[in-house]
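Have a look at the structure below before the remarks.
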Amino acid sequence: MANIEDLSQFLDIIPSLSDDAFYDFVKEFIGVDESDILKIQKIKNVRILLRVPDVFSFFTINNKEINSLKERACFVDEDMKAVVKTGIRSNIELFIELLKKHEESKKVQEKNDHMYNFTNFNTQNIEPSELKSFAQVFIDNYLKNTKRPSNNYKFDEIVNKFASALHILSGHHAYAFVRNNLPGALPSVVTLNTFNENINLGLRECEFRFDSLKNHLVAIDANYIFSSEDTTSVIQSIYYDSKDDCFIGFCSPLMNGLPLMNTFKTDNYHELENWFQHTNRSSLINTHLIEPIPTNNSSHAHSRPYILSAYGTDDVVTATDILRRWMFLFNECKERDIRLVGFSSDCAPKYLKAMRLALGFFTRAPNIDLITGNDNILNIGIPSTWRFFYMRKIQSFLVMQDGTHLVTKVRNRLLSNIANLCINGHDISVSYLFHILENYSKIEHNLIKSDIVPHDRQNYTSCLKITSDDVLNLLKQINAKGTYIYLYLLKLLILTYVKSNTSIQNQSNNTTCKIRFPIHHKHQPNESSESMNNQNLSTLTLHDIEKIIINAYHEAELMMGQLNLIELLKKHNLNDMNKLSSFVFEQLSKNSTIDYSVVNNNDDEVDSDDADNNINNNYDTTNYNNNNNKHIVVDHPEIDSEFDEDSSDDDGQNPYHLKVSKQTFQ
Numbered sequence: 001m002a003n004i005e006d007l008s009q010f011l012d013i014i015p016s017l018s019d020d021a022f023y024d025f026v027k028e029f030i031g032v033d034e035s036d037i038l039k040i041q042k043i044k045n046v047r048i049l050l051r052v053p054d055v056f057s058f059f060t061i062n063n064k065e066i067n068s069l070k071e072r073a074c075f076v077d078e079d080m081k082a083v084v085k086t087g088i089r090s091n092i093e094l095f096i097e098l099l100k101k102h103e104e105s106k107k108v109q110e111k112n113d114h115m116y117n118f119t120n121f122n123t124q125n126i127e128p129s130e131l132k133s134f135a136q137v138f139i140d141n142y143l144k145n146t147k148r149p150s151n152n153y154k155f156d157e158i159v160n161k162f163a164s165a166l167h168i169l170s171g172h173h174a175y176a177f178v179r180n181n182l183p184g185a186l187p188s189v190v191t192l193n194t195f196n197e198n199i200n201l202g203l204r205e206c207e208f209r210f211d212s213l214k215n216h217l218v219a220i221d222a223n224y225i226f227s228s229e230d231t232t233s234v235i236q237s238i239y240y241d242s243k244d245d246c247f248i249g250f251c252s253p254l255m256n257g258l259p260l261m262n263t264f265k266t267d268n269y270h271e272l273e274n275w276f277q278h279t280n281r282s283s284l285i286n287t288h289l290i291e292p293i294p295t296n297n298s299s300h301a302h303s304r305p306y307i308l309s310a311y312g313t314d315d316v317v318t319a320t321d322i323l324r325r326w327m328f329l330f331n332e333c334k335e336r337d338i339r340l341v342g343f344s345s346d347c348a349p350k351y352l353k354a355m356r357l358a359l360g361f362f363t364r365a366p367n368i369d370l371i372t373g374n375d376n377i378l379n380i381g382i383p384s385t386w387r388f389f390y391m392r393k394i395q396s397f398l399v400m401q402d403g404t405h406l407v408t409k410v411r412n413r414l415l416s417n418i419a420n421l422c423i424n425g426h427d428i429s430v431s432y433l434f435h436i437l438e439n440y441s442k443i444e445h446n447l448i449k450s451d452i453v454p455h456d457r458q459n460y461t462s463c464l465k466i467t468s469d470d471v472l473n474l475l476k477q478i479n480a481k482g483t484y485i486y487l488y489l490l491k492l493l494i495l496t497y498v499k500s501n502t503s504i505q506n507q508s509n510n511t512t513c514k515i516r517f518p519i520h521h522k523h524q525p526n527e528s529s530e531s532m533n534n535q536n537l538s539t540l541t542l543h544d545i546e547k548i549i550i551n552a553y554h555e556a557e558l559m560m561g562q563l564n565l566i567e568l569l570k571k572h573n574l575n576d577m578n579k580l581s582s583f584v585f586e587q588l589s590k591n592s593t594i595d596y597s598v599v600n601n602n603d604d605e606v607d608s609d610d611a612d613n614n615i616n617n618n619y620d621t622t623n624y625n626n627n628n629n630k631h632i633v634v635d636h637p638e639i640d641s642e643f644d645e646d647s648s649d650d651d652g653q654n655p656y657h658l659k660v661s662k663q664t665f666q
């Protein structure tokens with residue numbers, strides 16, 4: 001008789017056996033008595049055997065037909081009570097257990113084969129020009145690994161990238177938890193470490209990775225990029241970097257706007273002690289991101305932001321430093337045949353000043369030349385009839401403010417205790433919002449106190465709620481015309497610069513094989529965050545743009561009509577778009593500044609999202625005040641100095657001070 005351990009190679013055959021063939025097989029591998037126990041009960045195949053709750057229960061019956069078998073397979077006492085012999089019970093139970101495990105594994109395998117065949121079918125029907133989605137790659141990789149031994153798992157590159165990001169975001173324990181419950185789906189930590197080393201994920205503080213950027217752009221077949229930078233707060237701490245033999249966490253000194261690498265190297269304890277006592281520690285991390293701009297040839301390659309550099313800072317930096325840094329980035333990219341189209345950042349005053357200097361937007365710095373020697377000039381083809389377009393038509397690069405920061409900055413101006421805002425005698429005040437909050441049901445406005453006085457000055461959700469249609473309608477009811485117009489303009493800023501679903505060309509993003517990352521809590525989870533990089537604007541004509549501008553002008557006329565400003569414009573013969581544009585250009589030109597490279601280390605460029613406390617009004621409208629306007633005044637001391645303006649964007653009062661030599665792109 002064969003051994004029961006030899007059954008494993010026959011498990012696929014047993015389900016096909018029935019009647020005498022099944023009994024003979026059990027007799028051969030399990031035992032004679034075991035076979036007779038199944039035969040006397042007419043358990044003639046595996047299907048019946050696995051559905052019998054207890055194959056030994058019939059021994060409790062007193063019947064002449066089973067007495068002989070009972071005496072052989074059981075211990076029978078004087079009362080004819082039978083106890084199945086341990087060996088026989090063990091053999092049959094082990095046989096049943098093996099059959100159950102085999103059936104379960106077979107069901108799982110059939111399910112996996114079905115999913116695998118389904119995945120293969122979908123993959124085979126994908127056109128060569130298309131790419132699989134991440135879900136397809138992940139499932140396909142997982143199903144293949146289910147057929148491999150655990151020491152021979154293989155992973156697609158995109159799965160390795162996903163696993164690396166998951167390990168960084170979730171931490172070691174969470175990653176291990178997911179991996180243990182999905183065997184074969186994710187690589188081990190050792191494999192991840194090897195993968196990270198091979199793709200060079202390590203960042204060195206203050207290092208600008210231009211060569212790596214070039215390789216990345218070549219890989220995705222893109223040559224045009226847009227640069228952005230921003231800071232985020234971090235916990236101040238100092239640690240030792242054994243790889244570079246230096247200390248990380250101190251503020252690196254700037255040279256021409258660039259942080260110096262490996263500044264804090266020492267083998268002297270007293271020097272280290274002096275750094276701890278007198279050197280500022282980094283309270284912020286400044287990060288430079290590069291966004292590749294796909295072309296027609298690279299439209300199928302996902303445009304992932306690339307980290308160019310990151311370093312600690314205390315944000316003590318001037319507009320001159322920022323402009324020098326941008327010039328450095330532009331030149332380095334140019335040397336590597338990379339076209340840097342422009343720069344983007346938040347609305348901090350120093351960045352705004354650097355942007356105006358770069359564009360020559362009603363300011364000039366004679367000792368900084370961004371045009372001479374630059375063979376990649378951007379020529380902006382603006383019709384001569386567009387008198388409302390004030391930017392210089394020849395630029396080296398473009399600049400852009402972050403939409404969310406712009407919106408929150410306008411909101412913060414409304415909340416300021418210092419800025420007294422009004423339009424033609426109509427007050428613009430947060431008191432009207434408090435009046436609505438205190439005198440109307442929440443069902444009517446859906447506001448809470450933290451929406452009006454948010455603790456976080458970058459609370460974008462607050463901007464959405466105070467510009468809702470319900471709030472705007474209530475402002476109309478209480479005749480708060482100035483505040484209504486202000487918040488309506490804020491709503492238009494949100495629609496224009498933040499919400500991607502209000503773009504000129506609404507197209508779905510067909511990016512494939514994309515890994516989605518969690519959305520920051522400050523952003524609305526229900527808003528579309530799809531990249532607009534693949535938009536095709538070729539159908540947008542000059543006529544379309546002019547139509548949009550004319551419609552916007554007429555919309556502005558309707559708004560200003562509510563504030564009795566149309567009569568004022570007519571009185572001064574400025575009720576035509578071209579005349580008004582020329583007048584505004586003339587006024588801005590009068591206040592334009594010229595910098596003569598005067599050094600002033602006390603130049604105040606404090607980073608504040610609610611800056612601009614010096615509000616110059618070049619138009620005397622005191623004679624046109626609407627004295628019949630009723631004001632609702634509510635005293636709310638909780639609007640504290642958190643929203644007070646602490647710096648100025650008024651270039652007429654604060655000229656730029658630069659210490660530079662003549663710089664070109666040669």
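Just so you know, we're using full-length UniProt numbering here: the sequence shown kicks off at 1 and counts up by one. Yeah, the Cβ is synthetic: ideal placement off N, Cα and C, and Gly gets one too. Please read all numbers here as calculations on a predicted model, not as lab measurements.
In the three-state reduction of the DSSP assignment, Leu447 falls in the coil class, being assigned neither a helical nor a strand state. If you compare the alpha carbons of Met560, Ser228, Arg89, His270 with that of Ile322, the shortest gap goes to Ser228.
Here DSSP, grouped into helix, strand and coil, assigns Asn573 to coil. Per the C-alpha coordinates, the member of Leu433, Gln458, Asp470 positioned closest to Ile452 is Leu433.
When DSSP assignments are scanned along the stretch 391-420, the uninterrupted stretches of alpha helix (DSSP H) that are 4 or more residues long and fall wholly within it turn out to be 403-415. Residue nearest to Arg51 within the set Asp77, Arg89, Glu97 is Glu97 (criterion: CA-CA distance).
Secondary structure of Pro454 (DSSP, three-state): coil. The C-alpha of Ile566 lies about 46 Å from the C-alpha of Asp375.
Of the candidates Ile290, Thr287, Ile248, the residue whose Cα lies closest to the Cα of Phe276 is Ile248. Within the same chain, Thr363 come within 6 Å of Arg356 by CB-CB distance, once the 5 residues on both sides are set aside.
The count of Cβ pairs closer than 8 Å, one atom from the stretch 172-181 and one from the stretch 203-213, stays below three, leaving the stretches out of contact. Per the coordinates, the alpha-carbon of Asn551 lies some 25 Å from the alpha-carbon of His426. At the C-beta level, Val471 and Ile436 come within 8 Å of one another.
Within the same chain, Leu474 come within 7 Å of Tyr440 by CB-CB distance, once the 5 residues on both sides are set aside.
Counting of Cβ neighbours within 10 angstroms places Asp77 among the exposed residues, the total staying below 16. Collapsing the DSSP output to three states places Arg356 in a helix. Exclusion of the five residues before and after Phe56 leaves Val84 as the residues of its chain whose Cβ lies within less than 6 Å of its Cβ. The closest CA to that of Ser416, considering only Leu406, Phe155, Ser431, is found on Ser431. In its chain, beyond the 5 residues on either side, Val55, Phe56, Leu69, Ala73, Ile88, Ile92 have a beta carbon closer than 8 Å to the beta carbon of Ile37.
Under the criterion of beta carbons closer than 8 Å, Val407 and Leu493 qualify as touching, at roughly 5 Å. Between the stretch 156-173 and the stretch 259-271, the count of C-beta pairs closer than 8 Å stays below three; the two stretches do not touch. Collapsing the DSSP output to three states places Thr541 in coil. The stretch 244-262 and the stretch 304-312 touch, with three or more beta-carbon pairs separated by less than 8 Å. Taking Asn141 as the centre and dropping the five residues before and after it, the same chain places the C-beta of Phe155, Asp156, Val159 closer than 7 Å to its C-beta, in chain order. Burial state of Gly482 is buried, judged by a 10 Å Cβ sphere holding 16 or more other Cβ atoms. Here Tyr240 is exposed, its C-beta having fewer than 16 other C-beta atoms within 10 Å. Counting along the chain, Asn439 sits inside no beta strand (DSSP E); it lies in the alpha helix (DSSP H) bounded by residues 431-439. With contacts defined by Cβ atoms closer than 8 Å, Val410 and Leu284 do not form a contacting pair. Comparing alpha carbon positions, the residue from Lys590, Ala480, Thr318, Ile368 closest to Ser429 is Ala480. Beta bridge pairing from DSSP links Cys422 with Asp427.
Here Pro187 is buried: its Cβ has 16 or more other Cβ atoms, across all protein chains shown, within 10 Å. Minimum Cα-Cα distance from Val190 among the listed residues Tyr175, Glu332, Gln41 corresponds to Tyr175. Residue range 460-466 is occupied by the alpha helix (DSSP H) that includes Ser462.
Counting only runs of at least 4 residues, the stretch 232-294 fully encloses the following alpha helix (DSSP H) elements, listed from N- to C-terminal order: 269-278. The Cβ atoms of Asn45 and Ser18 sit closer than 8 Å to each other.
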